[in-house]
Amino acid sequence: MNLETIKAQLKAWLEPENLEKLRPKLGYQTGVLAGFALAAALLLGMADLATRGVIQLRLEEDLKAKLEEVIPAEIHDNDLLFDTVTLPSAEANLGAAETIVYLAKKQGDVNAVCFKFVAPDGYAGAISLVMGIDKNGEILGVRVISHTETPGLGDKIEISKSKWILSFNGKSLDNVSFEQWAVKKDNGIFDQFSGATITPRKVVLAIRRGLEFYKANQATLLATGEKL
Amino acid sequence: MNLSIFFSPEYKRIARDGLWDNNVVLTQNLALCPLLAVTGTATNGLGMGLATIAVMVASNGIVSLNRHLIPSEIRIPIFVLLIAALVTLVDICLNAWMHELHKVLGLFIPLIVTNCAILGRVESFASKQEPLPSLWDGFMMGVGFTLVMVILGAMREISSTGTLFANASVLLGESFRFMELTVIDDYKGFLLTALPPGGFIMLGFLVAMKRLFDQKAEKKS
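Taken in order, these protein sequences are the chains called A and B. Under our numbering, think of the first position of the first sequence as 313, with each following residue one higher. Under our numbering, think of the first position of the second sequence as 158, with each following residue one higher.
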């Protein structure tokens with residue numbers, strides 16, 4: 313059997329009249345459904361192969377851009393993404409059982425650290441944050457990565473909507489007492505927004521937990537930088 | 158190919174159906190889930206509309222080409238499978254090559270699957286028609302949907318934040334920054350229209366306006 317006859321047979325089989333006779337048959341229906349499922353799976357599999365590397369790269373760029381917002385470029389000379397320590401954080405209430413800490417080193421010494429954490433109890437769900445802390449425990453910067461707070465009220469935690477999140481810069485557990493780590497309504501030092509108290513309150517508390525997490529692991533983290 | 162067929166009565170009918178007479182949102186009242194979720198700003202509405210056009214044209218085309226192959230007893234699972242695969246394809250391609258846009262729309266792309274209008278067009282049009290009219294129908298229905306998305310998005314954006322096409326440069330590229338307007342300076346904001354209930358209210362106005370136009374046109378003739 314050569315190619316020409318196969319082509320001719322396929323063409324005859326694909327004629328609408330022939331297919332009309334086949335369509336009510338159970339075996340044919342099963343075959344068609346399986347055929348479409350297979351074609352869809354192949355298509356998606358190939359698309360996944362073609363895009364996986366690119367997507368991975370894009371996500372790394374995103375993360376890097378976020379980290380660079382809270383870690384000034386001049387205090388480190390290493391690649392933050394690949395200089396990390398993973399610490400258990402189940403008890404620190406940071407939203408994950410393990411937290412990846414990115415180390416900012418200059419000439420081998422740890423100058424600052426940076427990690428992602430979550431305020432699990434925002435007004436409308438979890439608020440995902442990233443924070444940079446210098447080696448003495450002072451905040452270099454905090455940014456909100458994602459949240460689902462009310463647009464127009466709770467979203468003032470975003471840097472693009474309000475400068476509120478910058479009020480944490482330079483604060484630490486040493487220069488602000490434990491009780492003062494709260495919004496003004498709770499006798500703390502941080503502003504709340506008009507119309508939204510829960511969102512800033514939870515963010516302040518989550519940042520305090522983040523600082524406590526750093527303090528608890530400070531020795532371990534700084535030790536990773538000592539020159540061999 | 159002769160382009161004049163697009164001006165034949167049959168194709169004009171399809172275009173008119175998609176844009177006005179049988180508009181997905183205003184007449185069929187379909188696709189309200191993605192509609193209300195993304196029309197907080199005109200830009201988001203436009204982006205979602207464009208993605209929907211792509212899926213609608215592709216699904217209509219594929220189904221029409223295979224219409225003799227697909228038995229009517231199992232057509233729905235096959236249609237759903239095709240649409241889901243196409244949406245996933247759009248999702249990962251956007252994520253890889255238009256990453257900035259994906260960050261804005263990413264959450265809503267899977268919502269296209271829930272857009273029953275796509276299944277509706279495939280079922281009621283593409284499975285019975287030649288490929289070319291089917292592609293045209295998918296395109297026109299998609300354009301009709303996109304227009305409503307942009308209009309509703311613009312109404313909500315202006316009334317909630319006082320801007321128009323904010324972040325359009327993220328969606329369309331830097332050269333479209335001129336589209337980003339501040340319509341009302343120093344606007345304090347009106348929260349209701351930014352939230353889904355406000356979207357419903359605005360949609361009600363739009364549908365009512367369309368009915369009013371139709372009634373007037375009917376009286377004239």
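Cβ atoms here follow ideal geometry from the backbone N, Cα and C, with glycine treated the same way. Keep in mind it's a predicted model, so treat the numbers as computed, not measured.
Can you list, in chain order, the residues of its chain whose CB lies under 7 angstroms from that of residue i, leaving out five sequence neighbours each side?
i, result
"F347 (chain B)", "S316 and S317"
"H259 (chain B)", "L251 and N252"
"I210 (chain B)", "F296, G299, V300 and T303"
"F480 (chain A)", "I451, V454 and I519"
"I471 (chain A)", "R455 and I477"
"V382 (chain A)", "C426, V442, M443, G444, L452, G453, V454 and R455"
"A199 (chain B)", "V307, G310, A311, E314, L321 and F322"
"G482 (chain A)", "E450 and I451"
"D202 (chain B)", "It should be pointed out that residue 202 (chain B) corresponds to Gly in this sequence rather than to Asp. Once the five neighbours on either side are set aside, the close Cβ partners of G202 (chain B) are V195, T196, M306, V307, L309 and G310."
State the DSSP-derived secondary structure class of residue i, mapped to helix, strand or coil.
i, result
"G297 (chain B)", "Looking at the sequence shown, residue 297 (chain B) is not Gly but Met. M297 (chain B): helix per DSSP, three-state reduction."
"Q455 (chain A)", "First, the residue type needs correcting, since residue 455 (chain A) is Arg and not Gln in the sequence shown. The answer is strand: DSSP assigns R455 (chain A) an E or B state."
"L375 (chain A)", "helix"
"I471 (chain A)", "coil"
"P384 (chain A)", "coil"
"E331 (chain B)", "helix"
"F347 (chain B)", "coil"
"T209 (chain B)", "helix"
"S401 (chain A)", "coil"
"G444 (chain A)", "strand"
"L264 (chain B)", "coil"
"Y414 (chain A)", "strand"
"N390 (chain A)", "coil"
"L160 (chain B)", "helix"
"I249 (chain B)", "helix"
"I384 (chain B)", "Residue 384 (chain B) lies beyond the range of chain B shown here (158 to 378); nothing can be said about it."
"T317 (chain A)", "helix"
"I254 (chain A)", "With chain A represented from 313 up to 540, any question about residue 254 (chain A) goes unanswered, as that position is not in the structure."
"Q536 (chain A)", "Correcting the residue identity first, residue 536 (chain A) is Thr in this sequence and not Gln. Coil, per DSSP."
"I233 (chain B)", "helix"
"R282 (chain B)", "What sits at residue 282 (chain B) in the sequence shown is Phe, not Arg. Residue state, collapsed to three classes: helix."
"V430 (chain A)", "strand"
"G361 (chain B)", "helix"
"L369 (chain A)", "helix"
"N481 (chain A)", "coil"
With a cut-off of 8 angstroms on the beta carbons, I'd call residue i and residue j a contact; round off their distance for me.
i, j, result
"R313 (chain B)", "G204 (chain B)", "Actually they are not in contact, since the Cβ atoms of R313 (chain B) and G204 (chain B) sit about 15 angstroms apart, beyond 8 angstroms."
"F302 (chain B)", "G218 (chain B)", "Between G218 (chain B) and F302 (chain B) the Cβ distance is about 17 angstroms, and since that is not below 8 angstroms, they are no contact."
"L363 (chain B)", "L183 (chain B)", "7 angstroms"
"F335 (chain B)", "L276 (chain B)", "38 angstroms between Cβ atoms; not a contact."
"L406 (chain A)", "V430 (chain A)", "6 angstroms"
"K418 (chain A)", "I445 (chain A)", "The Cβ separation is near 15 angstroms, so there is no contact."
"F322 (chain B)", "L338 (chain B)", "6 angstroms"
"E410 (chain A)", "T398 (chain A)", "5 angstroms"
"V344 (chain A)", "P228 (chain B)", "7 angstroms"
"L322 (chain A)", "T245 (chain B)", "The Cβ separation is near 29 angstroms, so there is no contact."
What residues of chain E sit near residue i, judged by a beta carbon separation below 8 angstroms?
i, result
"Q321 (chain A)", "Chain labels in this structure do not include chain E; the protein chains are A and B."
Give me, in chain order, the residues of the same chain whose beta-carbon lies closer than 8 angstroms to that of residue i; leave out the 5 immediate sequence neighbours on both sides.
i, result
"N330 (chain A)", "A324"
"M297 (chain B)", "I171, A172, D174, G175 and L176"
"V495 (chain A)", "F502, D503, Q504, T509, P512, R513 and V516"
"V422 (chain A)", "L415, A416, K447, L533, L534, T536 and G537"
"G449 (chain A)", "S484, L485, D486, L523, Y526, K527 and Q530"
"K285 (chain B)", "R224"
"L540 (chain A)", "Low local confidence applies: a pLDDT of 44 at L540 (chain A) is under 50, so the model's placement there is unreliable, with the coordinate-based value given in what follows. So the list is empty, once near-sequence residues are dropped."
Could you pull out every residue in the same chain whose Cβ sits closer than 6 angstroms to the Cβ of residue i, ignoring the five residues on either side in sequence?
i, result
"L243 (chain B)", "V212, A215 and S216"
"L264 (chain B)", "none"
"N390 (chain A)", "K417"
"K468 (chain A)", "S474, W476 and F505"
"A241 (chain B)", "V270"
Quiz prompt | Proximal residues, the stretch 350-367 of chain A versus chain B, C-beta separation under 9 angstroms | solution = Here the close residues are A351, A352, A353, L355, L356, A359, D360, A362, T363, R364, G365, V366 and I367.
Exercise. Could you name the residues of the stretch 176-195 of chain B whose beta carbon sits closer than 9 angstroms to any beta carbon of chain A, in the order they occur along the chain?
Key: Correct list: empty, as no residue qualifies.
Quiz item: Can you list, in chain order, the residues of the stretch 335-349 of chain B whose Cβ is nearer than 7 angstroms to any Cβ on chain A?
Solution: For the stretch 335-349 of chain B, the set of residues with a beta-carbon nearer than 7 angstroms to any beta-carbon of chain A comprises G346 and L348, in chain order.
Exercise. Please specify which runs of the beta strand (DSSP E), each continuous and at least 3 residues long, are wholly inside the stretch 171-198 of chain B, giving them in chain order.
Key: Counting whole runs of 3 or more residues, the stretch 171-198 of chain B contains no beta strand (DSSP E) stretch at all.
Exercise. Would you mind listing the beta strand (DSSP E) stretches within the stretch 320-366 of chain A that are 3+ residues and don't spill past its ends, in chain order?
Key: Within the stretch 320-366 of chain A, no complete beta strand (DSSP E) segment of 3 residues or longer occurs.
Self-check item: Positions along the stretch 285-311 of chain B whose CB lies within less than 8 angstroms of some CB in chain A
Solution: Correct list: empty, as no residue qualifies.
Exercise. For the stretch 160-175 of chain B, enumerate the residues whose C-beta is nearer than 7 angstroms to any C-beta of chain A, in chain order.
Key: Identification of residues in the stretch 160-175 of chain B having a C-beta nearer than 7 angstroms to some C-beta of chain A yields an empty set.
Self-check item: Proximal residues, the stretch 246-277 of chain B versus chain A, C-beta separation under 9 angstroms
Solution: Listed by position along the chain: L246, I249, C250, N252, A253, W254, H256, H259 and K260.
Exercise. Please name the residues in the stretch 211-222 of chain B whose beta-carbon is closer than 9 angstroms to at least one beta-carbon of chain A, in chain order.
Key: If the cut-off is 9 angstroms between Cβ atoms, the stretch 211-222 of chain B has nothing near chain A.
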